[in-house]
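Trainee: Have a look at the structure that comes next, please.
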Amino acid sequence: MPDQLLFATEVALNGLMAGVMYSLVALGFVLIFKASGIFNYAQGVMALFAAMTLVGIQNGQVPFSHLINAIFGTDIHYFGWEAPAILAIALTVVVMIALAWAVNRFIFRHLVNQEPIILFMATIGLAYFLEGVADLMWGSEIKTLDVGLPQGINETIDSVTFEIFGYGFFIDNLDIVATVIAALLVLGLVAFSQYTKQGRALRAVADDHQAALSVGISLNFIWVLVWSIAGFVALVAGIMWGAKSGVQFSLSLIALKALPVLMLGGFTSIPGAIVGGLIIGVGEKLFEFAIGQPFLGGATENWFAYVLALLFLVFRPQGLFGEKIIERV
Amino acid sequence: MLDTTTTPDGRTIGDTVLDLRNITLRFGGVEAIKDISFDIREGEIRAIIGPNGAGKSSMLNVISGFYVPQEGEVWFRGAPRPQMKPYQVARQGIARTFQNIALFEGMSVLDNVMTGRLNAMKANIFQQAFWWGKASKEEEANRESVERVIDFLEIQHIRKTPVGRLPYGLKKRVELARALAAEPSLLLLDEPMAGMNVEEKEDMSRFILDVNDEFGTTIALIEHDMGVVMDLSDRVVVMDYGRKIGDGTPAEVRSNQDVIDAYLGVSHD
Chain A
1 MPDQLLFATE
11 VALNGLMAGV
21 MYSLVALGFV
31 LIFKASGIFN
41 YAQGVMALFA
51 AMTLVGIQNG
61 QVPFSHLINA
71 IFGTDIHYFG
81 WEAPAILAIA
91 LTVVVMIALA
101 WAVNRFIFRH
111 LVNQEPIILF
121 MATIGLAYFL
131 EGVADLMWGS
141 EIKTLDVGLP
151 QGINETIDSV
161 TFEIFGYGFF
171 IDNLDIVATV
181 IAALLVLGLV
191 AFSQYTKQGR
201 ALRAVADDHQ
211 AALSVGISLN
221 FIWVLVWSIA
231 GFVALVAGIM
241 WGAKSGVQFS
251 LSLIALKALP
261 VLMLGGFTSI
271 PGAIVGGLII
281 GVGEKLFEFA
291 IGQPFLGGAT
301 ENWFAYVLAL
311 LFLVFRPQGL
321 FGEKIIERV
Chain B
1 MLDTTTTPDG
11 RTIGDTVLDL
21 RNITLRFGGV
31 EAIKDISFDI
41 REGEIRAIIG
51 PNGAGKSSML
61 NVISGFYVPQ
71 EGEVWFRGAP
81 RPQMKPYQVA
91 RQGIARTFQN
101 IALFEGMSVL
111 DNVMTGRLNA
121 MKANIFQQAF
131 WWGKASKEEE
141 ANRESVERVI
151 DFLEIQHIRK
161 TPVGRLPYGL
171 KKRVELARAL
181 AAEPSLLLLD
191 EPMAGMNVEE
201 KEDMSRFILD
211 VNDEFGTTIA
221 LIEHDMGVVM
231 DLSDRVVVMD
241 YGRKIGDGTP
251 AEVRSNQDVI
261 DAYLGVSHD
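Those protein sequence lines, which keep their order, are chains A and B.
By UniProt numbering, the letter at position 230 of the first sequence is numbered 230, and the numbering carries on one by one without gaps.
By UniProt numbering, the letter at position 254 of the second sequence is numbered 254, and the numbering carries on one by one without gaps.
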């Protein structure tokens, strides 16, 4: 194989892995949007919040320690124990479920039947509130997240590809793990929504609220459920991104990368979120490799996704898999 | 309370299932329902008729919990019902259909009808998620009862079709199937035959009678077509401008002067 093609293949593979990460974030958006018509701007902050909570619990940090110390004049920061990763993840899931309940109880239950734009505004408020609470709870310094996921170059792939092509592919172990976990997560979600009672109820609510009520589905329960699942997806995304680039404020900005993914895949399609993420991941890496670096001076990865999304908005606004919008007149 | 009676065609009509007592419903300053009382008895087909805007649909919405009346009480099975959300009413065994069809358009007919069984499924979320414990057995049992309903309403041929693609008449039938799947003790039908052609109306009438006959389901329905109402129902409530102006057997209602003035006088009969 010629060198250029080998490089391109490696780049595309890395793009696929990066795309999986985008898909993870986009998935959280799609879940909530489908079930309640809310575009949840806070999804990225939820990932940040989840990652910070996980790290905080792992390190045995005292939540709100700055606040407590300021009020009572104490000087406590740590409980003095370190929680094992699996326990910390379980506790974080509990926290995310509690958050889902609180969000519904204190925000969206009061906004039933409001315009989508009002609900959207509420999620912007939620995003800033959550960001502040996360800082207050766990402090704002950059933390490293380590739940024992393998990191660094995968030696096996490197040596095998070197033997065959005379060129070793650089694939990060973390990306491989992320891909496997994302695949399991999606399979689990699909099975849940297709084959369980709650999944069926969830699809029913997504389709028609009034009809759902008439067959005895509690909307509040379904909304808490779907926010909990979105919280769980945010946690998974937070772990992956946190392990890759540290737990810090910029983590919440990955939500912005999810937007073009959603425009490609459609806001209402779970497979769309996956495929959209992969296309953007591969697309931006290949574009950078083939056109960006040689001709445009590089750094195209920052804007490629948005330009692609813009093209989609012009020519196919419902995305690849979204429901076509037909206005009846 | 009346004793058990037998209709000419041999069905038994029993105790009061639902008793509406002095219901008044206001929207702002508009009184949609003014001090209405009537009952629905076990095993009967009870029709609510009246001109447009008489408050029939509002009445049905009060029964199914979508509207909360300002005054009056709803008695269900001999006890006053506390204020309830629609989903709680549904869980008590009151199923309904809607005037302007409320189906899950993106889901298949089978899935739509299966949602009617949601409350019959008792396995918890974890058992469901892992198909563990009673979850799979339950799914099978519910699937069976759903298939019976689908056979009964003759919609086998469209089981896998997404509801959004079906013509109007069939959608109405699927909605009835979903309500029936819940095995309700009281079935509320809001204009089950609105917008149908003669053939579809005859089919729907037959299904309603068969449901009542075979499952003994108590049915309350709203209908405009006077001919249909007189053929189907055991007793009729007549409403006009939010008031009750007549209540009795079709024959009694037909000879009631108020009813004739308000409604029958302008009908095609």
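For every residue, glycine included, the Cβ atom is placed at its ideal position computed from N, Cα and C.
Quick one: what does DSSP say B/R117 is sitting in, helix, strand or coil?
Mentor: B/R117: coil per DSSP, three-state reduction.
Trainee: Return helix, strand or coil for A/N220, following the three-state DSSP convention.
Mentor: helix
Trainee: With a threshold of 8 Å, are at least 3 pairs of Cβ atoms found where one atom belongs to the segment 206-219 of chain A and the other to the segment 83-91 of chain B?
Mentor: A contact is defined here as three or more CB-CB pairs under 8 Å, and the segment 206-219 of chain A meets this definition with respect to the segment 83-91 of chain B.
Trainee: Determine the chain B residues that contact A/V112 at a beta-carbon separation under 9 Å, and present them in chain order.
Mentor: Per Cβ cutoff of 9 Å: no residues; A/V112 is ~12 Å from chain B at best.
Trainee: Distance check for A/A204 and B/R173, CA to CA, integer angstroms please.
Mentor: Near 18 Å, if we compare the C-alpha coordinates of A/A204 and B/R173.
Trainee: Should B/V30 be labelled buried (16 or more other beta-carbon atoms within 10 Å of its own) or exposed?
Mentor: exposed
Trainee: Please state if the CB of A/F108 and the CB of A/W241 are separated by a distance shorter than 9 Å.
Mentor: no
Trainee: Which of the three DSSP states is assigned to B/S37 in this structure?
Mentor: strand
Trainee: Could you list which residues in chain A have their beta carbon closer than 7 Å to that of B/Y241, in chain order?
Mentor: In chain order: nothing, as chain A lies at least about 26 Å away.
Trainee: Between which residues of its own chain and B/R254 is the CB-CB distance below 6 Å, once the five residues before and five after are set aside?
Mentor: There are no such residues.
Trainee: Give a yes or no on contact between the segment 67-83 of chain B and the segment 101-108 of chain B, applying the rule of three or more CB pairs nearer than 8 Å.
Mentor: no
Trainee: Out of curiosity, what's the CA-to-CA distance linking A/A12 and A/T300?
Mentor: Going from the Cα of A/A12 to the Cα of A/T300 covers about 15 Å.
Trainee: Using a Cβ distance threshold of 8 Å, determine whether the segment 212-232 of chain B contacts the segment 182-201 of chain B, with at least three qualifying pairs required.
Mentor: yes
Trainee: Measure from the alpha carbon of A/I239 to the alpha carbon of each residue in A/V177, A/E115, A/A273, A/L136, then state which is nearest.
Mentor: A/V177
Trainee: How many Å lie between B/P69 and A/W138 at the Cα?
Mentor: 49 Å
Trainee: I'd like the list of long-range same chain contacts for A/S36, defined as Cβ closer than 7 Å, with 5 residues on each side in sequence excluded.
Mentor: W223, V226
Trainee: Could you spell out where the beta strand (DSSP E) holding B/G248 opens and where it closes?
Mentor: Unbroken beta strand (DSSP E) run through B/G248: 243-248.
Trainee: Does the distance from the CB of A/L262 to the CB of A/V275 come in under 9 Å?
Mentor: No, the pair does not count as a contact, with Cβ atoms beyond the cut-off.
Trainee: By the DSSP assignment, the alpha helix (DSSP H) with A/N14 in it spans what residues?
Mentor: 3-36
Trainee: Cβ atoms of A/M21 and A/F232: under 9 Å apart, would you say?
Mentor: No, these two residues do not count as a Cβ contact at 9 Å.
Trainee: Does any C-beta atom of chain B lie closer than 9 Å to the C-beta of A/V233?
Mentor: no
Trainee: Considering Cα atoms alone, identify which of B/N61, B/F38, B/G14, B/G93 is closest to B/A32.
Mentor: It is B/N61.
Trainee: Please return the same chain residues whose Cβ sits closer than 7 Å to the Cβ of B/F66, not counting the five positions on each side in sequence.
Mentor: P86
Trainee: Where B/V17 and B/T24 are concerned, what is the direct C-alpha to C-alpha distance, given to the nearest angstrom?
Mentor: About 20 Å.
Trainee: Going along chain A, which residues have a C-beta under 7 Å from B/A102?
Mentor: Counting only Cβ-Cβ distances below 7 Å, B/A102 has contacts in chain A at D208, Q210, A211, S214, in chain order.
Trainee: Is DSSP giving B/M239 helix, strand or coil here?
Mentor: The answer is strand: DSSP assigns B/M239 an E or B state.
Trainee: Quick one: is A/F79 buried, meaning 16 or more other Cβ sit within 10 Å of its Cβ, or exposed?
Mentor: It is exposed - the Cβ of A/F79 has fewer than 16 other Cβ atoms within 10 Å.
Trainee: Mapping DSSP to helix, strand and coil, what is A/V275?
Mentor: Of the three classes helix, strand and coil, the one that applies to A/V275 here is helix, per DSSP.
Trainee: For a contact defined as C-beta to C-beta under 9 Å, what are the partners of A/A204 on chain B?
Mentor: F104, M107, D111, N112, T115, L118
Trainee: For B/Y87, would you say it is in contact with chain A, using Cβ-to-Cβ distances shorter than 9 Å as the test?
Mentor: Contact with chain A is found for B/Y87, since one of that chain's Cβ atoms lies less than 9 Å from the residue's Cβ.
Trainee: Got a sec, what are the start and stop residues for the alpha helix (DSSP H) A/I89 sits in?
Mentor: 85-106
Trainee: Against A/M244, what residues of chain B qualify as contacts under a CB-to-CB distance less than 9 Å, listed in chain order?
Mentor: Looking at the sequence provided, one finds Lys at residue 244 of chain A rather than Met. Ordered by position in chain B, no residue passes the 9 Å Cβ test against A/K244, which lies about 29 Å from the chain.
Trainee: Within 10 angstroms of its Cβ, does A/Q61 collect 16 or more other Cβ (buried), or is it exposed?
Mentor: By the neighbour-count rule (16 or more Cβ atoms within 10 Å), A/Q61 is buried.
Trainee: Verify whether the separation of the beta carbon atoms of B/R178 and B/V113 is less than 9 Å.
Mentor: yes
Trainee: Between the segment 103-119 of chain A and the segment 32-46 of chain A, are three or more C-beta pairs nearer than 8 Å?
Mentor: yes
Trainee: Assign A/D75 to one of two classes, buried (16 or more other C-beta atoms within 10 Å of its C-beta) or exposed (fewer than that).
Mentor: Exposed, because fewer than 16 other Cβ atoms sit within 10 Å of the Cβ of A/D75.
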